[in-house]
Amino acid sequence: MNRKKEQVVITVLGANKPGILAGITRAIADSNVNVEDVSQKIMQDLFALMMMTDFSTANCSFEDFQSRMQAVSEQLRVKVFIQHEDVFRFQHRL
Amino acid sequence: MLFSLEEVIETISAVGVETFDIRTITCGINLMSCADSDVHKCAAKVYEKVVRVAHDVVPVARKLEKKYGIPIVNKRISVTPVSFLAGAFTEPTAVPIAEALDKAAKELGIDYVAGFSALIPKGITRGDQILLNSIADALCCTDRVCSSVNIGSSQAGINMDGVYRMAEIVKEAAERSRDKNGLACAKLVVFCNAVEDNPFIAGSFMGPGEAEAILNVGISGPGVVRAALQNSTHLNFGELSEVIKKISFKITRTGELVGREASRMLGIPFGIIDLSLAPTPAEGDSISDILELMGLEKTGCHGTTAALAMLNDAVKKGGIMAATYAGGLSGAFIPVTEDAGMCRAIEAGALNIQKLEAMTCVCSVGLDMVAIPGDTPVEVIAGIIADEAAIGMINHKTTACRLIPVPGMQAGDVVDFGGLLGKGPVMEVGRHSPALFVRRGGRIPAPVHSMKN
Chain P
700 MNRKKEQVVI TVLGANKPGI LAGITRAIAD SNVNVEDVSQ KIMQDLFALM MMTDFSTANC
760 SFEDFQSRMQ AVSEQLRVKV FIQHEDVFRF QHRL
Chain L
112 MLFSLEEVIE TISAVGVETF DIRTITCGIN LMSCADSDVH KCAAKVYEKV VRVAHDVVPV
172 ARKLEKKYGI PIVNKRISVT PVSFLAGAFT EPTAVPIAEA LDKAAKELGI DYVAGFSALI
232 PKGITRGDQI LLNSIADALC CTDRVCSSVN IGSSQAGINM DGVYRMAEIV KEAAERSRDK
292 NGLACAKLVV FCNAVEDNPF IAGSFMGPGE AEAILNVGIS GPGVVRAALQ NSTHLNFGEL
352 SEVIKKISFK ITRTGELVGR EASRMLGIPF GIIDLSLAPT PAEGDSISDI LELMGLEKTG
412 CHGTTAALAM LNDAVKKGGI MAATYAGGLS GAFIPVTEDA GMCRAIEAGA LNIQKLEAMT
472 CVCSVGLDMV AIPGDTPVEV IAGIIADEAA IGMINHKTTA CRLIPVPGMQ AGDVVDFGGL
532 LGKGPVMEVG RHSPALFVRR GGRIPAPVHS MKN
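Top to bottom, those sequences are chains P and L.
The opening residue of the first sequence carries number 700 in this note's numbering; numbering runs sequentially from there.
The opening residue of the second sequence carries number 112 in this note's numbering; numbering runs sequentially from there.
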C-alpha cells in the first residue's frame, strides 16, 4: 500500500556533548518514524541538528510523538522542535 | 535537504526569541437566523448557534499550534452587529444577548466575542438606539464581550449626534467600571469607516456582506520586524523597506497556512488575513521600538509620522503577496498601553496626544488604548472622536478611538489594565472646550471626493 507521506521537520538545538544524535534517533526509531534526510552542524559549541522525517509510518499520534520527544530532550538537556514541513515551505519557498 | 539549517533556525527563533505569533483566529458568525421579538428567546438562539458553529474553534487552534509550532494567542468570535437583531425586540434592551455571547465564549474557551455593535454613520434606528443604551450595562456585566460603533464613513459623513452619544457612553462605561480603572472602555471602539472582516478586538464584527460563517486570521510580529532591523543603520530607505517587506511576507505566509488549514479542519470558509503588526506589552514586541530602530531618538519626535508611514506601507506590500485574501485593518497598530515602548516615549515627554493623532493618519487604525484623565468632559471626548473620524473620512481609511477616561486619575498617573491590555501613563488632553461645536447636532456632510459615481 502506498502511504501518503507526512513530512515532519525535527530540529534539535543544545550544548554540544556526546550522545545527542544517538539519543534522538533512538527515540525516533522507537516511534517508527522514518528519517529521510539529516543535516547537522556544530556552531560555536551549539549542537544544531535538523532531520526531515516521514511521519506516516509512525506507531503513535503526532501529539504523543511530541510528548515522547519532549521527554527525551529533557533527559539530553537539549531543545527539540517538531513541526510539519508546511510551516517552513510557506515561509521560505514560493 | 529541502530547507537549510539556517532557514529552519530562522523560523524557530522567530517564535522562541522574537515573539512571533498568530494573534487571533476569529470565527465570524451570522446571527440573522436568531431574530426574535422576545430578547430572551433571541438570546437562547444566539447561544445555541454560537456554541454549535464555533464548537471546534479552540480544539482546532490547539492542534495547529502543535502541528506548526506557532502559538495562536487568541481564539475569538465575531457576530452580526447586535443592533440588527435589537430592532425587533419588544423590550428595549440588548443586554441578554451580551450575556448569551459571554456564556457561549466561556463555555467554548473563546477569549473574546465581539459584535455588540451598531452601524450609525448616517442615522440611528430603533435597534441602534436599543443597542447604544445597552452598551455600558453589557460591558460591565460580561467579561469577554466587546462592543464597537461606526459613527462615520467617507461615503456618509460623520454622524455628530452619534459622536456625542458615544462620548457619553464612553464616560458612562468608565464610571460603571470605576473599580477596574474604567476597564469596560478597553472593550469599546468608536469607528469611522469600520471594516466588516476585522479579526482584531475590540472592533471586530461580522459584516452583513459576509457568508453564514467565516474564518479570519490576524497575525502579529513586531518583534520579528524589530529583529530584522537590528544592525540596519547603514541601509537607505529603499533597502530598509525591502527588509520589512521580506519579513512581512514570511509572517503573513504563516498566517495564510494556519488560516487555510483551520478553515479546512473546521469546514468554515477562510475569509481574510489581517496583515497587522500588533504589539503586546512584552519587552521587544513593540511598534515604538521599531520606529526607534529606524533612527528616531524617541517615538514622537519629528520624523515619527514619516517612519510610521513607511513601516505601515512596507508591511502591506510584503504581506499582500503572501495572502490570498488580505483584509481587515491591515497595517501597524499603535495602541498605547499595549506597547511598552509607546509608554516610555510618553513618559520621556516625546509623545503627546496631538502627535499620536498625526500618527493615526498613516497607521492602520487610530487612538487606541489611550488612557485620559477621568474628569475629561464629555464634550472633549466627543471632540477627540470627531477629529479622529474626520481623518478617516477625508483619507478614506479606517480610524477609531478606544479611549479610557480613568476614573480618579490625572495626566501622568500610571494605570494598569493587566494582561495584553498592558499598563501606561494617563495622557494629557486639551482643556479648551469644543462644546458648542460638538453639540450642534446633525451630520457633517460627506466630503466632495465621496461622489465617485
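All C-beta atoms, glycine included, are put in the ideal place defined by N, C-alpha and C.
Could you pull the DSSP bridge partners for GLN706/P from this structure?
DSSP lists ASP753/P as partners of GLN706/P.
Would VAL447/L and VAL481/L be called neighbours here (beta carbons separated by less than 9 Å)?
Yes, these two residues count as a Cβ contact at 9 Å.
Could you check whether the Cβ of ASP736/P sits closer than 9 Å to any Cβ belonging to chain L?
By this cut-off, ASP736/P is an interface position.
Taking C-beta pairs closer than 7 Å, name the residues in chain L that MET768/P reaches, listed in chain order.
In chain order: nothing, as chain L lies at least about 12 Å away.
Which of helix, strand or coil does DSSP assign to GLN341/L?
Residue state, collapsed to three classes: coil.
Determine contact between the region 722 to 729 of chain P and the region 115 to 124 of chain L, defined as no fewer than three beta-carbon pairs at a distance below 8 Å.
Contact fails: fewer than three Cβ-Cβ distances are below 8 Å.
For LYS282/L, would you say it is in contact with chain P, using Cβ-to-Cβ distances shorter than 9 Å as the test?
So, not an interface residue.
With a threshold of 9 Å between beta-carbons, can SER475/L be considered close to chain P, or not?
It does not; no Cβ of chain P falls within 9 Å.
Within the same chain, show all residues whose beta-carbon is closer than 8 Å to that of ASN423/L, passing over the 5 residues directly before and after it, in chain order.
The residues are GLY442, ALA443, VAL473, CYS474 and SER475.
Under 9 Å between the Cβ atoms of HIS783/P and TYR179/L?
Cβ atoms of HIS783/P and TYR179/L: closer than 9 Å.
Check whether the Cβ of ALA229/L sits closer than 8 Å to any heavy atom of the ligand GTP, and report yes or no.
This structure does not include the ligand GTP; it has no bound ligands of any sort.
Between ILE269/L and ILE555/L, how many whole angstroms is the CB-CB distance? I'm expecting something under 8 Å.
With 8 Å as the limit, ILE269/L and ILE555/L qualify as a contact, their Cβ atoms being about 4 Å apart.
Measure how close the beta-carbons of ALA229/L and VAL162/L come, nearest whole angstrom, since I'm counting them as under 8 Å.
About 24 Å; that fails the 8 Å criterion.
Counting only the same chain and skipping the five closest in sequence on each side, list residues whose C-beta sits under 7 Å from that of GLU286/L.
If we look at GLU286/L and ignore the five residues flanking it on each side, its Cβ neighbours are PRO518.
What's the call for ASN292/L, buried or exposed, on a 16-neighbour Cβ count within 10 Å?
Flag for ASN292/L reads buried.
Relative to the C-alpha of ARG542/L, which candidate in GLY494/L, LYS427/L, CYS145/L and CYS296/L has its C-alpha closest?
Closest by alpha carbon: GLY494/L.
Could you check where the beta strand (DSSP E) with GLN743/P kicks off and where it finishes?
No beta strand (DSSP E) contains GLN743/P, which DSSP labels as neither H nor E.
Which residue marks the beginning of the alpha helix (DSSP H) containing PRO516/L, and which one marks its end?
That residue, PRO516/L, is in no alpha helix (DSSP H); its beta strand (DSSP E) goes 510 to 517.
Going by the CB atoms, is the gap between ALA209/L and VAL193/L shorter than 9 Å?
Yes, the Cβ-Cβ distance between VAL193/L and ALA209/L is below 9 Å.
Go to LEU230/L, then tell me how far its alpha helix (DSSP H) extends in each direction, as first and last residue.
Element bounds for LEU230/L: not the alpha helix (DSSP H) but the beta strand (DSSP E), 223 to 230.
Any C-beta of chain P within less than 9 Å: which residues of the region 176 to 197 of chain L qualify?
Those residues of the region 176 to 197 of chain L that come within reach of chain P (Cβ to Cβ, closer than 9 Å) are LYS177, LYS178, TYR179, GLY180 and ILE181.
Are the C-beta of VAL119/L and some C-beta of chain P separated by less than 9 Å?
With 9 Å as the cut-off, VAL119/L counts as an interface residue toward chain P.
Nearest chain L C-beta to THR710/P closer than 9 Å, yes or no?
At least one chain L Cβ lies under 9 Å of THR710/P.
Report the residue from GLN266/L, ILE379/L and GLU353/L whose alpha carbon sits nearest the alpha carbon of ALA557/L.
It is GLN266/L whose Cα lies nearest to the Cα of ALA557/L.
Let me make sure I understand the geometry here. Which of ASP167/L, GLU394/L and VAL157/L has the alpha-carbon closest to that of GLY378/L?
Looking at the Cα atoms, ASP167/L is the closest of the given residues.
Since PHE381/L meets chain P, which of its residues come closer than 7 Å, beta carbon to beta carbon?
Within chain P, no residue comes near PHE381/L; the closest Cβ sits about 14 Å away, beyond 7 Å.
Indicate whether VAL301/L and VAL281/L have their beta-carbon atoms separated by less than 9 Å.
Their beta carbons are under 9 Å apart, which means VAL301/L touches VAL281/L by this criterion.
Taking 9 Å as the threshold (C-beta atoms), are ILE384/L and VAL328/L in contact?
Against a cut-off of 9 Å, the Cβ pair of ILE384/L and VAL328/L comes out as a contact.
In whole angstroms, give me the CA-to-CA distance for ILE355/L and ALA770/P.
Cα to Cα, the separation comes out at about 38 Å.
Suppose contacts are defined by Cβ-Cβ distances below 9 Å. Is ASP132/L in contact with GLY332/L by that definition?
Cβ atoms of ASP132/L and GLY332/L: closer than 9 Å.
Please report how far the alpha carbon of VAL206/L lies from the alpha carbon of LEU745/P, in whole angstroms.
Cα-Cα distance, rounded: 58 Å.
Give me the DSSP bridge partner(s) of VAL301/L.
In the DSSP output, where bridge partners are listed per residue, VAL301/L has VAL260/L and CYS512/L.
Note down, in chain order, each residue of its chain lying with its Cβ closer than 7 Å to the Cβ of GLY318/L, except the 5 sequence neighbours on either side.
Excluding residues within five positions, the ones whose Cβ falls inside 7 Å are GLU307 and ASP308.
Does ARG276/L pass the burial test, meaning 16 or more other C-beta atoms within 10 Å, or should it be called exposed?
Classification of ARG276/L: buried, given that the 10 Å Cβ count is 16 or more.
Please classify GLY60/L as buried or exposed, where buried requires at least 16 neighbouring CB atoms within 10 angstroms.
Within the shown structure, residues of chain L are numbered from 112 to 564, placing residue 60/L beyond reach of any answer.
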